[in-house]
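Position one of the sequence shown corresponds to residue 378 (the numbering used here), numbered consecutively onward. Everything on this sheet refers to the single structure shown next.
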Amino acid sequence: MAPPLSGLLETCLYVDDMERAKRFYREVLGLPTLLEEERITVFRMPDNTVLILFSRGSTLEPVETPGGVIPPHDGSGPTHFALGIPVDSVDAWRRHLRDCEIEIESEVAWPKCRGHSLYFRDPDGHAAELATRELWVR
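As structure tokens, then:
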């Protein structure tokens, strides 16, 4: 049996233009910056997790830190991520995305009262989802 997990700590996206991506995540999603360096930007999420943006191709070599080595990693192509939103904020998010001139690519009203999702793209083509929290509650 595996030891216990405490949850998801970080989600990483690889971006082609860090400045453009930072503006999007700050201005459209309102995320506060926790760390900002040339190859990495870390945004604090409300649940004490983080969303990390890496400049695509900047993590292909191991990184030495005082505490050990971070193995190389990278990603290509559009990926998907979902951010949780309160049930009563779907209309407000819909208006906010439209006010920011972000096209809502799709909306899903999940069956069996499992909530609602709004899908749109970030500047790098990643499929972003804003989903009400009951989506995965059983």
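All C-beta atoms in this analysis are idealised placements derived from N, C-alpha and C, irrespective of residue type, glycine included. Only a predicted model underlies this, so the values are computations on that prediction, with no experimental measurement involved.
Around the beta-carbon of Ile-447, fewer than 16 other beta-carbon atoms lie within 10 Å, marking it exposed. The region 466-478 makes contact with the region 489-507; the number of CB pairs closer than 8 Å reaches 3 or more.
By the Cβ-count criterion, Val-392 is buried, with 16 or more other Cβ atoms from all chains shown falling within 10 Å of its own Cβ.
8 Å or more divides the Cβ of Thr-436 from the Cβ of Pro-455. Per DSSP, reduced to three states, the secondary structure at Arg-416 is coil, with no helix or strand assignment.
Selection Ser-466, Gly-461, Glu-482, Pro-488 evaluated against Arg-510 yields Gly-461 as nearest (Cα-Cα).
When DSSP states are grouped into helix, strand and coil, His-493 belongs to the strand group. The beta-bridge partner set that DSSP reports for Cys-389 consists of Ile-429. Scanning Pro-439, Asp-476, Asn-425, Trp-513 for the CA closest to the CA of Arg-491 turns up Trp-513.
Taking the CA atoms as reference points, Thr-418 sits about 12 Å from Arg-433.
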